[in-house]
Structures are given as C-alpha cells and as structure tokens.
Amino acid sequence: MNVYVIYKFQDFNDIKESLSALENTAGISLFYFHPSPLSHRWKSKAKEKIKSADVVCYFFNFDSAKNDSKNLKWEYDFACKHKKRVIVIDKNNRTDIVNELLEAEKKSHFFKNIFNCSYNEKDISLKPISFDQGKEHLVEQSSWNIENKLLIQDETDISKEVKNTYYSLLMQQYKVMVDTSEKLMQRRQETSNLYTTVCTALVALVGSAFALKNMYALCAIFFCVGVVSIIMSVNWRIALDSFNRNNEGKFAVLNEIEKKLPANMFDSEYRYNQSKGIKSFALREKLLPFVFNILGIIFVLLGITFLVLKCIGIDFFVNLN
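In structure tokens:
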C-alpha cells in the first residue's frame, strides 16, 4: 500500500522513528520529501505520488502548524481534490486539542481546512489520532491489499458434513454476482441509448435550422448545439469508463470464485477472445462519443464562421433569394 506523508520539515527529527517504524512494516510503502531545500519542480513529483497513494498521512504538530504553511495546505488540498483518505496523526499523541483549535481561530485558517471545522467543537469532523492508532489502521489496510482474500474460508478446512452447504452458498453468491454484472451492462446500454438519442436529435436540429433562413439564428443554433454535443459526449465517455471499471471489479470477483468451480468460464472466454483478436463491445461503444465530440467541435466552428461571415456582410439566405 502506497502512503504519502505530509509533515513540516522542522518536525522531522521528532517523527523520524515513527517513519522508520512504518517503513519497516510489511506492505507499506512510504513517500515523503526529506528535509532539504525543495526544487521548483517538487509539486510535480508530489502530484504524481499523491495520485498514486492509497492513503495520505499527515503528521500534525499543533505548535509548528500554528503558523500557516502554504506547502502543507497545498498538499492537503490536492489530496482532498483527488478524494484521498487523509489520516491525521498527532505526533505528540495529544488527540484532544479542541480547545487549542478554538484558541487558534484568529491566528490560522489552516486548522479549519485540516479538521473540516468552523472553530466550533460540534463541527469538528476529523480529529487527530495517536501514532499507534494510525499505524494499526495502516497495517489493517495494507494486510487487506497484500492478501486480497475473496474466499474467507479455505475448503481444505471444511469438514465433509458442511462441504455441500459451503459450495451451495458459494454458487448462490456467484449467481448474485453474475446477475449484478448483467444489470450493470444493461444500465450501460440504456445510458448509451439515451445519449445516442439526444445527440442524434441535436444533429437533426442543426439540419432543420436552415429552414429558418436567418443567419443569426443559424449561428446561434450551430454554436449552442456544438457546445451541448461536446459536453454530452464527454459525459458519455466518462459514464462508459465508470461502467467499465465497475464491471472489471465484478469480473475479478467472478474469476476468483470460478477457481473453486469445475469450469472457469468467464476467464476462458476472455482468453479465447484475446487469442482471436475479438474486440469487446465496450471498445466499439466508445467510438460514438468520439464521433459526436468531433461533430460538436465542427458545429461550434461553423457557428463562429457563419457569425463572422454575417458580420462582414455575407448572408447565404439573401444571396439565395
């Protein structure tokens, strides 16, 4: 498990032993900047590491954090922006510092950002924990990442009397997982159908705009339809990617269960398709958002072009008349 560490350089000597303890823990990989002058490109490295981190760990020291730190705030905000879990560890193991936070109201807004509070004890939603608590949480998370056990019980430990029940329950869970996967694919198809219908209607609207025989109306329709088409196609692509990622997780679970069943059907099908070069429907499905995105860009450019032509005195409809 990758852990990105946030701390103030002046606290390094105080937290050095804690960092070593975490580094020597199996399954935990730490990244932190050493207390040395930072290069002007350190934020690029920090962005890369925060994005790849499973957890962000902030070693908090009330005394040193009382003065605002732009770097600490930037790291914390960037982690929150990318929806990373932030664990706040008080290096002095002082987990009850509500009164100190209230006293610091006029001096620093950094605490408000870190602890999601409005300097009111009832509004504090994220409190610091001790190092032992933080380490216990990280070890628990890392052990799950290492073992990644799906089947809670090994069939070798099961008595013959309950073996039939075990496989019966396993098969029932397998069927539930297959059913949820099929429903997810159905939802994906319904989403694609909806986007296809809306985008096709927008294209038809562009064609009917010529019947108005008004250059300004033509410009407005082309431009608005183009912008909406671009937004729709981008959202469409994001939705498809989200469905595909969710389905990948479901098939990973199905493949693990199939290892305990007589036939490994889904994995065999996937390998056969790979060997024959058969592309999945999901890959072809992503082509439509790309096409409508290109059309949207063309419509926007044409809308701007028609407006420029109108401004310089060229009107297609006047010439036609």
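Positions 1 to 321 (my numbering) are the ones given, in order, by the sequence shown.
For glycine and all other residues, C-beta sits at the position ideal for the given N, C-alpha and C.
(Q) By alpha-carbon positions, which one of Asn-24, Ile-15 and Leu-170 ends up nearest to Lys-259? (A) Leu-170
Q. Beta-carbon separation of Tyr-7 and Lys-49 under 8 angstroms?
A. no
Q. Got a sec, what are the start and stop residues for the beta strand (DSSP E) Arg-237 sits in?
A. Note, Arg-237: premise wrong, no beta strand (DSSP E); alpha helix (DSSP H) at 215-258.
Q) Just how far apart, CA to CA, sit Arg-85 and Lys-276? A) 42 angstroms
Q: To the nearest angstrom, report how far apart Ile-87 and His-137 are at their CA atoms.
A: 9 angstroms
Q | Close Cβ partners of Ile-28 (< 7 angstroms) along its chain, the five nearest in sequence each way excluded | A | Met-1, Val-3, Leu-22, Leu-138 and Ser-142
**Q.** C-alpha gap between Gly-296 and Ile-312, whole angstroms
**A.** 25 angstroms
**Q.** DSSP state of Tyr-7 mapped onto helix, strand, coil
**A.** coil
Q. Cβ atoms of Phe-292 and Ser-229: under 8 angstroms apart, would you say?
A. yes
Q.
Checking 8 angstroms against the spacing of the C-beta atoms, do Gly-226 and Phe-299 come in under that value?
A. Judged by their CB atoms, Gly-226 and Phe-299 are nearer to each other than the 8 angstroms cut-off.
**Q.** Residue burial classification, Arg-188 (beta-carbon count within 10 angstroms, cutoff 16)
**A.** buried
Q. Does the count of Cβ pairs from the segment 193-211 and the segment 251-267 closer than 8 angstroms reach three?
A. A contact is defined here as three or more CB-CB pairs under 8 angstroms, and the segment 193-211 fails this definition with respect to the segment 251-267.
Q. Taking the C-alpha atoms as reference points, what is the distance between Phe-251 and Ser-181?
A. 8 angstroms
Q: Would you grab the beta carbon distance between Phe-12 and Pro-35 for me? Rounded to a whole angstrom, and I think it's under 8 angstroms.
A: 4 angstroms
Q. Are Phe-78 and Cys-219 closer than 8 angstroms when you measure CB to CB?
A. no
Q) So, are the CB atoms of Leu-184 and Asn-246 less than 8 angstroms apart? A) yes
Q) Is the CB-CB distance between Met-215 and Lys-70 below 8 angstroms? A) Contact annotation: Met-215 and Lys-70 have beta-carbon atoms that are not nearer than 8 angstroms.
Q) Does the distance from the CB of Phe-243 to the CB of Gly-303 come in under 8 angstroms? A) no
Q) Just curious, the alpha helix (DSSP H) that Ser-36 is in, first and last residue? A) Where Ser-36 is concerned, there is no enclosing alpha helix (DSSP H), given that its DSSP letter is neither H nor E.
Q | Between the CA atoms of Lys-73 and Ala-217 - distance to the nearest angstrom | A | 49 angstroms
Q) Phe-131 and Ser-18: beta carbons closer than 8 angstroms? A) yes
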